[in-house]
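Just below is one structure, and these are the notes that go with it.
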Amino acid sequence: MISNVWNNIKKGELSPVYLLVGEESYFIDETVKRLKEAIGPDEEIEVSTFDLEEMPVDVVIDEADTIPFFSERKLIIAKNASFLKATEKGKEKIDHDVKRLEAWLGHPSDFSVTVFIAPYEKLDERKKVTKMMKEHAFLVQAETPKEQDLAVWIQGLVKAEGNTITQNAIEQLVTMVGSNMLQLQMEIEKLALYLGEGGEITTALVEDLVAKTLEQDAFKMLNAYFANEPVAALSIYHDLLRQKQEPIMLVGLLASNVRTMSNVFYLLKKGYHPQQIAKNLKIHPYRVKLMVEQRNRPSEESLLKALYQLAEVDLQLKTAGGNRERYLELFLLRQL
Numbered sequence: 029m030i031s032n033v034w035n036n037i038k039k040g041e042l043s044p045v046y047l048l049v050g051e052e053s054y055f056i057d058e059t060v061k062r063l064k065e066a067i068g069p070d071e072e073i074e075v076s077t078f079d080l081e082e083m084p085v086d087v088v089i090d091e092a093d094t095i096p097f098f099s100e101r102k103l104i105i106a107k108n109a110s111f112l113k114a115t116e117k118g119k120e121k122i123d124h125d126v127k128r129l130e131a132w133l134g135h136p137s138d139f140s141v142t143v144f145i146a147p148y149e150k151l152d153e154r155k156k157v158t159k160m161m162k163e164h165a166f167l168v169q170a171e172t173p174k175e176q177d178l179a180v181w182i183q184g185l186v187k188a189e190g191n192t193i194t195q196n197a198i199e200q201l202v203t204m205v206g207s208n209m210l211q212l213q214m215e216i217e218k219l220a221l222y223l224g225e226g227g228e229i230t231t232a233l234v235e236d237l238v239a240k241t242l243e244q245d246a247f248k249m250l251n252a253y254f255a256n257e258p259v260a261a262l263s264i265y266h267d268l269l270r271q272k273q274e275p276i277m278l279v280g281l282l283a284s285n286v287r288t289m290s291n292v293f294y295l296l297k298k299g300y301h302p303q304q305i306a307k308n309l310k311i312h313p314y315r316v317k318l319m320v321e322q323r324n325r326p327s328e329e330s331l332l333k334a335l336y337q338l339a340e341v342d343l344q345l346k347t348a349g350g351n352r353e354r355y356l357e358l359f360l361l362r363q364l
């Protein structure tokens with residue numbers, strides 16, 4: 029658990045080399061921040077940052093082996109350790125001396141804390157340097173937590189701000205923001221600032237204060253269409269037009285949502301669990317949950333018909349003139 033890693037850092041139990049692997053930037057940024065705090069005050073700590081897509085790993089090793097001038101320990105941050113992932117031979121931007129790195133990992137400097145950041149889903153486990161890095165560095169997995177763990181994390185963050193949050197509000201928050209923890213943290217801070225200490229974050233408050241994404245609006249518009257609620261669908265569409273959204277882009281977004289719905293319902297019919305569906309389709313579990321719990325779930329025929337009609341609207345927008353907003357409007361008004 030990453031909380032154990034952070035507790036060790038807080039107690040001053042630091043490793044000379046860290047390897048941060050994963051695409052969740054919140055965990056990466058938070059770990060680096062906590063390392064800085066553990067090493068010393070901002071005005072005293074020496075921090076050097078290198079981008080390994082722009083300079084060779086030799087520079088990182090040289091810096092790590094240079095004794096700090098103003099403090100007992102210094103922090104070296106090496107971003108984008110792309111030599112740890114699979115790359116096509118001859119496509120590497122920088123020629124890294126991985127042999128020197130492998131040798132150095134066995135005897136890293138004790139007056140430096142060196143952090144290698146690999147913001148990738150997977151590393152190339154076949155490479156010797158990857159195996160050496162995992163053997164000698166302290167590995168931190170920066171992965172988005174599972175649905176339940178994410179809910180617990182949100183509750184903890186809200187509690188730290190002196191507030192409470194309902195379960196429905198958590199689900200609504202994740203539905204609207206997604207699973208990006210950095211974005212979720214900012215939205216929670218905004219909600220807490222509005223409430224003041226001792227308040228409760230409700231679904232209504234989330235809907236009022238959290239910025240709606242285009243994806244969310246498109247999903248709501250599609251649901252209204254399939255529920256045969258043309259007034260609601262048109263209201264969302266006109267709001268998006270006022271926001272200067274292009275009809276042709278909205279058609280593409282609606283078609284993408286229809287295809288996702290079709291895939292979700294197909295896998296559900298095959299006996300897949302919602303968590304398995306989310307993993308197979310690489311979409312967030314909350315999004316699958318919303319589709320599965322739809323009261324007016326569209327039939328397979330309705331989905332195919334909608335997809336066909338959206339393809340016609342797309343063709344009209346690309347070839348016909350006149351009032352371009354009208355084509356999608358007519359689609360939303362048609363009864364399935």
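Going by the numbering used here, 342 is the number at position 314 of the sequence shown; the sequence numbering is gapless. Cβ atoms here follow ideal geometry from the backbone N, Cα and C, with glycine treated the same way.
- For L210, the CB contacts under 8 Å within the same chain, skipping 5 residues up- and downstream, are S53, Y54, D57 in chain order.
- Contact annotation: L223 and N191 have beta-carbon atoms nearer than 8 Å.
- The beta-bridge partner set that DSSP reports for I193 consists of I229.
- The shortest C-alpha to C-alpha distance from K310 to any of L331, S207, E274 is the one to S207.
- Annotation for Q271: no alpha helix (DSSP H) segment contains it, and DSSP assigns it neither H nor E.
- Nearest neighbour of V45 by Cα position, chosen from M319, L358, A252, V88, turns out to be V88.
- When the beta-carbon positions are compared, T142 and A92 come within less than 8 Å of each other.
- Taking V85 as reference, the option from E65, R62, W132 with the minimal CA-CA separation is W132.
- Counting C-beta pairs closer than 8 Å gives fewer than three between the segment 122 to 140 and the segment 166 to 185, which falls short of the contact rule.
- Restricting attention to L361, E100, V75, L63, the CA atom closest to the CA of A255 is found in L361.
- Looking at L364, L318, H266, the one whose alpha-carbon comes closest to that of R352 is H266.
- If you draw a 10 Å sphere on the C-beta of F97, you find fewer than 16 other C-beta atoms in it, and that means exposed.
- Under the three-state reduction of DSSP, A170 is assigned to coil, being neither helix nor strand.
- For G40, the closest alpha carbon among the candidates R62, G50, I30 is that of R62.
- If you look at V60, you'll find it in the alpha helix (DSSP H) that goes 53 to 67.
- Taking the C-beta atoms as reference points, K107 is found nearer than 8 Å to F78.
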